[in-house]
Amino acid sequence: NTGVTILLVEHDMHAIMGLCDRITCMSFGRLLAEGNPQEIRHHPDVIEAYLGGARHVA
């Protein structure tokens, strides 16, 4: 760890899952979830907003 923080704004959730240690997910200005990629990947609001619903989550 280098102690560097980077703010990345990206709508492709699949792309950032492998890049980030912590993710803050927002939709239409509303905070949906904060956590590590595993927590975000399984958060129901994030699944609905960015991952296409529960049927697309592995």
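Position one of the sequence shown corresponds to residue 656 (the working numbering), numbered consecutively onward. The beta carbon of each residue, even a glycine, is placed where N, CA and C say it ideally should be. Model, not experiment: these values are computed from the prediction.
Roughly how many whole angstroms lie between the Cα atoms of residue i and residue j?
i	j	result
His-698	Ile-671	15 Å
Asp-667	Gly-673	12 Å
Going along the chain, which residues of its own chain have a beta-carbon closer than 7 Å to the beta-carbon of residue i, five neighbours each way excluded?
i	result
Asp-700	Leu-687, Ala-688
Asp-676	Asn-691
Exposed or buried, residue i, counting other C-beta atoms within 10 Å across all chains shown (16 or more means buried)?
i	result
Leu-706	buried
Ile-661	exposed
For residue i, which residues in the same chain have their Cβ closer than 8 Å to its Cβ, ignoring the five residues on either side in sequence?
i	result
Met-681	Leu-687
Which of helix, strand or coil does DSSP assign to residue i?
i	result
Arg-685	strand
Met-668	helix
Quickly, what does DSSP pair residue i with across the bridge? List them, please.
i	result
Ile-678	Gly-690
Residues in its own chain within less than 6 Å of residue i by CB, not counting five upstream and five downstream?
i	result
Glu-665	Ile-671
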